[in-house]
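Peer 1: Under this note's numbering, think of the first position of the sequence shown as 232, with each following residue one higher.
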Amino acid sequence: KYVDCNASLFRISKLISTVVNRGVEHLAVESCSRFRDTNSFMPLDIYKSKTLVSLKLAYVGLSNPGFVVSLPCLKSMHLESIMYRNGDPFIIENLISGCAVLEDLTVCWGG
Numbered sequence: 232k233y234v235d236c237n238a239s240l241f242r243i244s245k246l247i248s249t250v251v252n253r254g255v256e257h258l259a260v261e262s263c264s265r266f267r268d269t270n271s272f273m274p275l276d277i278y279k280s281k282t283l284v285s286l287k288l289a290y291v292g293l294s295n296p297g298f299v300v301s302l303p304c305l306k307s308m309h310l311e312s313i314m315y316r317n318g319d320p321f322i323i324e325n326l327i328s329g330c331a332v333l334e335d336l337t338v339c340w341g342g
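1. Just to confirm, are residue 309 and residue 284 a CB contact at a threshold of 8 Å?
2. What are the boundary residues of the alpha helix (DSSP H) that includes residue 324?
3. If you drop the 5 nearest sequence neighbours on each side, which residues of the same chain put their C-beta closer than 8 Å to that of residue 405?
4. Of the residues 274, 255 and 279, which one's Cα is nearest the Cα of residue 303?
5. What runs of the beta strand (DSSP E), each 3 residues or longer, lie entirely inside the segment 285-313?
6. Which value, in whole angstroms, describes the spacing of the CA atoms of residue 273 and residue 244?
Shown next, in the form of structure tokens:
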């Protein structure tokens with residue numbers, strides 16, 4: 232878990248990409264901006280991690296990746312107050328469909 236409310240979104244996105252590509256198993260990301268910055272979208276690397284076991288995202292944005300989501304080890308996913316790029320409701324469906332061993336799913340809407 233990384234907390235730095237003063238870091239730039241570019242830096243945070245780069246950091247998330249780096250840890251995902253290095254094989255992190257547990258990732259928790261919560262935006263301090265609570266959508267004040269509409270560009271707080273997760274990097275596309277989170278959609279193709281071979282090692283993620285748990286993923287917790289809160290107050291961040293998700294984009295439709297444009298490729299098949301593959302999270303073969305993901306067992307637990309917690310999504311809280313997620314914003315979808317262009318309001319695309321199928322982003323969450325695409326995300327879940329790429330999680331073959333998902334055991335625990337929590338989706339919370341609103342504040």
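Yeah, the Cβ is synthetic: ideal placement off N, Cα and C, and Gly gets one too.
Peer 2: Let's see:
1. no
2. 321-328
3. The structure shown does not extend to residue 405, since the chain is modelled only from 232 through 342, so no value can be given for it.
4. 279
5. 285-289 and 307-311
6. 7 Å
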